[in-house]
Structure formats: C-alpha cells, structure tokens
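Enquirer: Below: one structure in structure tokens.
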Amino acid sequence: APEWTFGPFLPKKIKDLFLARLSTMSCGKAPLNTRIVGGQTAPAGSWPWQASLHMSGSHFCGGSLINNQWVLSAVELTNIQTSCPLHLVLSTQGSSNPNEVSRSVSSVINHPNYNSATNDNDIALLKLSSTVTFTNYIRPVCLAASGSSVHSGEDVWVTGWGTLSEGGSSANDLMEVDVPTVGNRQCNCDYGVGRITNNMICAGLREGGRTPGDSGGPLVIKQGDQWIQLGVVSFGIGCARPELPGVYALVSSYMTWINNQISSNQPGFVNFRSSGTDSDLSVSCNGLPTVPPTTPSCFILYLVFVVHSFLLLRARFEEQQLNQAAFVTNRVFLSV
1 APEWTFGPFL
11 PKKIKDLFLA
21 RLSTMSCGKA
31 PLNTRIVGGQ
41 TAPAGSWPWQ
51 ASLHMSGSHF
61 CGGSLINNQW
71 VLSAVELTNI
81 QTSCPLHLVL
91 STQGSSNPNE
101 VSRSVSSVIN
111 HPNYNSATND
121 NDIALLKLSS
131 TVTFTNYIRP
141 VCLAASGSSV
151 HSGEDVWVTG
161 WGTLSEGGSS
171 ANDLMEVDVP
181 TVGNRQCNCD
191 YGVGRITNNM
201 ICAGLREGGR
211 TPGDSGGPLV
221 IKQGDQWIQL
231 GVVSFGIGCA
241 RPELPGVYAL
251 VSSYMTWINN
261 QISSNQPGFV
271 NFRSSGTDSD
281 LSVSCNGLPT
291 VPPTTPSCFI
301 LYLVFVVHSF
311 LLLRARFEEQ
321 QLNQAAFVTN
331 RVFLSV
C-alpha cells in the first residue's frame, strides 16, 4: 500500500477523514482467496488477516489484523498476558512458511464492560511491538460499521485452528468453514432466553458440525470484493452440537470503542446490511418477548409531515398563480 504524506497546513479533520476513507477502501481485500466451499484446509493467503497468538511457543488463540499495528481478539486470552508474554504470528498455516511474520504484543486493551459470567463485551485489542508491511499474505480485514444489520441465514466464514470434533485436538493447519448466521431470537431460544445479548451474533448449522474457529478468531462475510468481520469468536457449548450455534462478539457494537482506542490509522469500517425480511423475526419460544409491530419512526413521520406541507403549499401557490393569470386575462378581455 502507498505511503501518504500531508503538508503542514492540511486541517487535521480533513486528514483524518481522508485516512479513514483510505482504510475503508483498502481493507478486506484477499487476492488469493477463491473460496466457494468450506470445511477444508485454507490455502496460504486465503485469509490474510488471520492471526495466531502464541504463548510459550504454542498457538492458543486467534485474532484478526485490523491495521498495520493492531489486532482484534477476545478478552479471555488477554487475561493470561500478565503471567506470560504473548507472541503473534501472521500468515502462518501451522508450519513455518516464507510469508510468515511475527511480532510481540506490546499492550492489550480489554473492553471495560466485559462480563466474565455472561461473556458480554468479549472483545479486546492488541497492539503489536512494531508495524507490519502489507502483502498478498498479510492484509487487514474490514470491520462491520455501527448500524450494520445481519439477517438470519447469511453465509459467513469462520477460520482458525480450533478442535475439529468435541474432545479432539486442535488442527495443525488453518481451517476454514462456511456456516449460516442464526438470528438472536433463535439463538436465545437455543441457549435460554436472556443469554444472548444485543452485543452478540450467532452462527452455525442447525444439525451441528463444522467448527474450526478458536477464541478470538474472526467471523467474516463478503460484500462485493471486500471481506467484513462481523464477529469475534467468543463461546459455545461443546463443539458444534446441534441447535447450539457458536456465539460471537458483534463487531458493529464496538466501532466507537475501537476508534477511541486507536487514535491514528484507524481501521476500515464498512456498513453491511442484509436485504429482505429477517426470518428470525417470526421465531418464538417460551419466555421470548414478542416482536412489536413495526411503526414509523419519529423521523419518518416528520418527513411525511414536511413533504405533505410542501405539497400543500405548492398546490396553493399554483392555485394563486392560476387565479392571478385568469384575473389578468379577464381584464385584458374586458378592456378590448
């Protein structure tokens, strides 16, 4: 990626807006990714933002590169840092390769409202000891912007070195799998009403199976030619059990918090919105509140009022113009 410099007289706000736009345009590009099916070993370069966090020389958690010096992950792994230093490896496929880059982690920022009992706000930022250079094998992912909406049934991808079966060992190579999103109403019915908060997103097959992700890793979706991270692997019950989808921290809930922690070279945020009607709205179970009927927002009502008033005034103005024209015509006719 090109290096940009700015003159001393360019206003900071304009410079920040330009850099934010540049980050949004360049994030989430994976030139070597041609995936159309999942459940297999990921070829090198397929997921260039995937990070492997090591402790004592061994992988134990995942993460995602969001700019040239910051990684997004989960809180649980960062709590270990006080006793053991963390080491991050990018572009690893389980064994050493020429595209691999490693950095130590210089600082960790846990979300201040993380709840260990409920796993709410299970998200953390890790700052690398030095910046990395982007290549086809190492690139940042886009992050879902505030206001993004994801319907149930969207095709998303999970990557990581997690266990391939319940009770089994972790994968040696980076694995990838595509699974559908599960709406929060359905996910609450699966886990118990109230367990899934608005800061979470769920994904997984209803029949179970397919779960290579490990804590802190990314849940991504493709929009156009960009990959957008929707979630951070958080928790689940067992490993890919039927009707117990994986639960992820919802990235779009944390746009403000992330930008507040990263003062310069902020990540690229992209708005993702599903089309059509969300089938999750029709889900019901014991204890789940009913979906309130859709009512127009105050803004829409105000907009309707303004448009109606404008059209009414316009009609009156046109009527006055016609009356005036008719009056002038009559005077001319009478004078003749």
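Using the UniProt record's numbering, read the sequence shown as starting at 1 and increasing by one per residue. In this text, a Cβ means the ideal position worked out from N, Cα and C, and glycines have one as well. It should be emphasised that the depicted structure is a prediction, and the values quoted were computed from it without experimental measurement.
1. Ignore the nearest five residues each way along the sequence and tell me which others in residue 38's own chain have a CB closer than 6 Å to its CB.
2. Please report how far the alpha carbon of residue 237 lies from the alpha carbon of residue 191, in whole angstroms.
3. So does the region 199-207 actually touch the region 240-260, counting three or more Cβ pairs closer than 8 Å?
4. Quick one: is residue 25 buried, meaning 16 or more other Cβ sit within 10 Å of its Cβ, or exposed?
5. Spatial neighbours of residue 69 within its chain, please: CB distance less than 8 Å, with the 5 preceding and 5 following residues excluded, ordered by chain position.
6. Compute the Euclidean distance between the alpha carbons of residue 36 and residue 135, then round it to the nearest angstrom.
7. Would you mind working out which of 142, 228, 140 and 117 sits nearest residue 197, comparing C-alpha positions?
8. At what residues does the alpha helix (DSSP H) containing residue 113 begin and finish?
9. For residue 161, which option in 281, 321, 173 and 270 has the closest C-alpha, if you only look at C-alpha atoms?
10. Rounded to whole angstroms, how far is the Cβ of residue 139 from the Cβ of residue 49, which I believe are closer than 8 Å?
11. Could you pull out every residue in the same chain whose Cβ sits closer than 8 Å to the Cβ of residue 154, ignoring the five residues on either side in sequence?
12. Apply the 10 Å Cβ neighbour rule to residue 216 and answer buried if 16 or more other Cβ atoms are within range, or exposed otherwise.
13. Comparing alpha-carbon positions, which option in 123, 219, 282 and 287 lies nearest residue 255?
14. For the beta strand (DSSP E) containing residue 256, list its first residue and its last residue.
15. What separation, rounded to the nearest whole angstrom, lies between the Cα atoms of residue 262 and residue 60?
16. In chain order, what residues of the same chain have a beta carbon less than 7 Å from the beta carbon of residue 115, not counting five sequence neighbours either side?
17. Quick check on the burial criterion: 16 or more other C-beta atoms within 10 angstroms. Buried or exposed for residue 324?
18. For residue 315, which residues of its own chain have a beta-carbon under 8 Å away from its beta-carbon, when the five flanking residues on both sides are left out?
19. Across which residues does DSSP place residue 70 in a beta bridge pair?
20. Rounding to the nearest angstrom, what Cα-Cα distance links residue 57 and residue 75 in this structure?
21. Residue 64 and residue 218 - do their beta-carbons sit closer together than 7 Å?
22. According to DSSP, is residue 324 helix, strand or coil?
23. With DSSP run on the structure shown, which of helix, strand or coil describes residue 318?
24. Leaving out five residues on either side along the sequence, give the residues of the same chain with a beta carbon under 7 Å from the beta carbon of residue 109.
25. Using DSSP with H/G/I as helix, E/B as strand and the rest coil, what is residue 120?
26. Return the CA-CA distance between residue 319 and residue 305, expressed in angstroms with no decimal places.
27. I'd like to confirm the pairing. Which residues does DSSP put opposite residue 246 in its beta bridges?
28. What three-state label does DSSP hand residue 186 in the structure shown?
29. Going by C-alpha to C-alpha distance, which of 31, 148, 246 and 44 sits closest to residue 187?
30. So residue 226 and residue 45 are supposed to be a Cβ contact under 8 Å. How far apart are they, rounded?
31. Sorted by chain position, which residues of the same chain lie with C-beta nearer than 6 Å to residue 183's C-beta, five sequence neighbours on each side aside?
32. Which residues mark the beginning and the end of the beta strand (DSSP E) in which residue 159 is found?
33. Going along the chain, which residues of its own chain have a beta-carbon closer than 6 Å to the beta-carbon of residue 193, five neighbours each way excluded?
Expert: The relevant details are as follows:
1. The predicted model places residue 38 with a pLDDT of 44, which falls under 50 and marks its position as unreliable, so this point remains unresolved.
2. About 9 Å.
3. At 8 Å Cβ cutoff, the stretches touch.
4. That one is exposed.
5. Here the set comprises 127, 128, 130, 131, 132 and 265.
6. Low confidence applies here, because residue 36 scores a pLDDT of 42, under 50, leaving its location unreliable and the question unanswered by this model.
7. Nearest Cα to residue 197 within the set 142, 228, 140 and 117: 117.
8. Run containing residue 113: none; DSSP gives neither H nor E here.
9. Residue 173 holds the alpha-carbon nearest to the alpha-carbon of residue 161 among 281, 321, 173 and 270.
10. The Cβ separation is near 6 Å, so the contact holds.
11. Within the same chain, 180, 181, 221 and 274 come within 8 Å of residue 154 by CB-CB distance, once the 5 residues on both sides are set aside.
12. In the assembly as shown, residue 216 is a buried residue. Its beta-carbon has 16 or more other beta-carbons within 10 Å.
13. Nearest of 123, 219, 282 and 287 to residue 255, Cα basis: 123.
14. Per DSSP, residue 256 belongs to no beta strand (DSSP E); it is in the alpha helix (DSSP H), 255-261.
15. Approximately 25 Å, taken between the alpha carbons.
16. Answer for residue 115: 121, listed in chain order.
17. Flag for residue 324 reads exposed.
18. Cβ neighbours of residue 315 beyond the five flanking positions: none.
19. Looking at the DSSP assignment, residue 70 forms a beta bridge with 127.
20. Straight-line Cα distance between these residues: approximately 20 Å.
21. In this structure, residue 64 lies closer than 7 Å to residue 218 by Cβ.
22. In the three-state reduction of the DSSP assignment, residue 324 falls in the helix class, which pools H, G and I.
23. The three-state reading of DSSP puts residue 318 in helix, counting H, G and I together.
24. The residues are 124, 125 and 261.
25. The three-state reading of DSSP puts residue 120 in strand, counting E and B together.
26. As the crow flies, the alpha-carbon of residue 319 is around 21 Å from that of residue 305.
27. Its beta-bridge partners are 203.
28. It is helical.
29. Distance from the Cα of residue 187 is smallest, within the candidate group 31, 148, 246 and 44, for 246.
30. That belief does not hold up - the Cβ atoms of residue 226 and residue 45 are roughly 16 Å apart, past 8 Å.
31. Result list for residue 183: 152 and 280, in chain order.
32. Counting along the chain, the beta strand (DSSP E) containing residue 159 begins and ends at 155-160.
33. Shown here for residue 193: same chain residues with a beta carbon closer than 6 Å to its own, the five before and five after excluded, namely 287 and 288 in chain order.
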